[in-house]
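Down below is the structure, laid out as structure tokens.
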Amino acid sequence: MKLEGIFPPIATPFDHEGNLYKAKLKYNIEKWNQTSLAGYVVCGSTGESVYLTTDEKVQLWEWVAEFAASDKLLIAGTGMESVRETVDLTNRAAAIGYKAAMVRTPHYYKNLLNNPAAQVLYYRAVADQAQVPLMIYNWPQATGLDIAPEAVAELSHHPNIIAVKESSGNLEKVMRMIREVKPGFR
Numbered sequence: 069m070k071l072e073g074i075f076p077p078i079a080t081p082f083d084h085e086g087n088l089y090k091a092k093l094k095y096n097i098e099k100w101n102q103t104s105l106a107g108y109v110v111c112g113s114t115g116e117s118v119y120l121t122t123d124e125k126v127q128l129w130e131w132v133a134e135f136a137a138s139d140k141l142l143i144a145g146t147g148m149e150s151v152r153e154t155v156d157l158t159n160r161a162a163a164i165g166y167k168a169a170m171v172r173t174p175h176y177y178k179n180l181l182n183n184p185a186a187q188v189l190y191y192r193a194v195a196d197q198a199q200v201p202l203m204i205y206n207w208p209q210a211t212g213l214d215i216a217p218e219a220v221a222e223l224s225h226h227p228n229i230i231a232v233k234e235s236s237g238n239l240e241k242v243m244r245m246i247r248e249v250k251p252g253f254r
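In structure tokens form, the structure reads like this:
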């Protein structure tokens with residue numbers, strides 16, 4: 069799979085009681101379906117995924133899959149604190165029809181994952197078991213971990229890892245990644 073185009077991370081609408089707001093989500097998706105967006109990222113940081121229960125995430129994925137136009141590629145934010153949970157959520161999203169998963173680095177045990185070798189092991193373990201391709205999600209401002217460029221370069225050769233969402237804001241790092249990843253990696 070090759071990602072091309074714009075995939076906005078969509079906001080999760082809530083009603084006044086804090087419940088998922090299906091009608092507002094439908095309104096938003098139907099409006100965006102009329103644009104040239106390539107697809108949607110559901111349950112990323114903008115979608116407040118860290119505050120959602122697993123059931124709420126699955127419900128959102130189902131609703132977006134129902135409302136999205138057939139030409140929109142769906143990417144699910146599935147990163148959790150363990151390989152097992154991340155793989156489980158990733159494969160649940162795949163069963164709903166999502167074509168890729170955006171996976172953040174677990175951050176509870178920062179000292180254990182704050183090196184390239186551990187980062188590679190984590191993402192490989194998820195990618196080896198995932199039923200859809202992965203997008204690495206690096207957002208050190210939120211996780212407290214910054215994925216090393218050499219880890220991304222190595223992971224770019226895994227057949228089930230297709231892209232990185234690099235949100236550190238470090239342009240020198242981005243340029244290094246561009247130089248070091250395999251051709252075609254996004």
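Position one of the sequence shown corresponds to residue 69 (my numbering), numbered consecutively onward.
A virtual CB, placed ideally from N, CA and C, is assigned to each residue, including glycine.
Could you tell me the boundaries of the alpha helix (DSSP H) in which LYS178 lies?
As a working note, residue 178 is residue 110 in the sequence shown. Per DSSP, LYS178 belongs to the alpha helix (DSSP H) from 178-181.
Please state if the CB of GLU124 and the CB of LEU257 are separated by a distance shorter than 8 Å.
Residue 257 lies beyond the stretch modelled for the chain, which goes from 69 to 254, so this question has no answer here.
Among the residues of its own chain, which have a CB less than 6 Å from the CB of ILE229, if the five just before and after it don't count?
Translated into the one-based positions of the sequence shown, residue 229 becomes position 161. Excluding positions up to five away in sequence, the list reads ALA195, LEU202 and LEU223.
Can you tell me where the beta strand (DSSP E) with GLU234 in it begins and where it stops?
Along the sequence shown, read from residue 1 onward, the residue named residue 234 stands at position 166. Where GLU234 is concerned, the enclosing beta strand (DSSP E) stretches over 229-234.
Which residue's Cα is closest to the Cα of GLN102: GLU130, ASP139, GLU72 and TRP129?
Residue mapping note: residue 102 aligns to position 34 of the sequence shown, counting from 1. Looking at the Cα atoms, ASP139 is the closest of the given residues.
Which residues in the same chain as TRP207 place their Cβ atom closer than 7 Å to its Cβ, once the five residues preceding and following it in sequence are excluded?
Mapped onto the sequence shown, residue 207 falls at position 139. Contacts found: SER113, ARG172 and SER235.
Taking only three categories from DSSP, how would you classify MET148?
For the purposes of this step, residue 148 is taken as the residue at position 80 of the sequence shown. In this structure, MET148 counts as coil in the three-state DSSP scheme.
If ILE204 and VAL232 are in contact, beta carbons under 8 Å, what's the gap, nearest whole angstrom?
Here the question's residue 204 lines up with position 136 in the sequence shown. Here the question's residue 232 lines up with position 164 in the sequence shown. Yes, they are in contact, since the Cβ atoms of ILE204 and VAL232 sit about 4 Å apart, within 8 Å.
Express the C-alpha separation of LEU239 and VAL249 in angstroms, rounding to a whole number.
Looking up residue 249 in the sequence shown gives position 181. Looking up residue 239 in the sequence shown gives position 171. Using only the alpha carbons, I get a separation of about 15 Å.
Can you tell me which of the three DSSP states ASN159 falls into?
What you label residue 159 is simply residue 91 of the sequence shown in a count that begins at 1. In this structure, ASN159 counts as helix in the three-state DSSP scheme.
Would you tell me roughly how many angstroms separate the C-alpha atoms of GLU130 and GLY86, rounded to the nearest one?
Mapped onto the sequence shown, residue 130 falls at position 62. Mapped onto the sequence shown, residue 86 falls at position 18. Between GLU130 and GLY86, the C-alpha separation is close to 19 Å.
Taking the beta strand (DSSP E) that VAL171 belongs to, which residues open and close that run?
Within the sequence shown, residue 171 is the residue found at index 103, counting from 1. Note, VAL171: beta strand (DSSP E), 168-172.
So within the region 70-132, which uninterrupted beta strand (DSSP E) runs reach at least 3 residues, ignoring any that extend past its ends?
Within the region 70-132, the complete beta strand (DSSP E) runs of at least 3 residues are 107-110.
With distance defined between alpha-carbon atoms, name the residue in ALA144, MET69, SER104 and ALA137 nearest to ALA79.
Residue mapping note: residue 79 aligns to position 11 of the sequence shown, counting from 1. Among ALA144, MET69, SER104 and ALA137, the Cα nearest to that of ALA79 belongs to ALA144.
Buried or exposed for SER281, please, with buried defined as at least 16 other CB atoms from any protein chain shown within 10 angstroms of its CB.
Outside the shown range of the chain, which is 69 to 254, sits residue 281, and nothing can be said about it.
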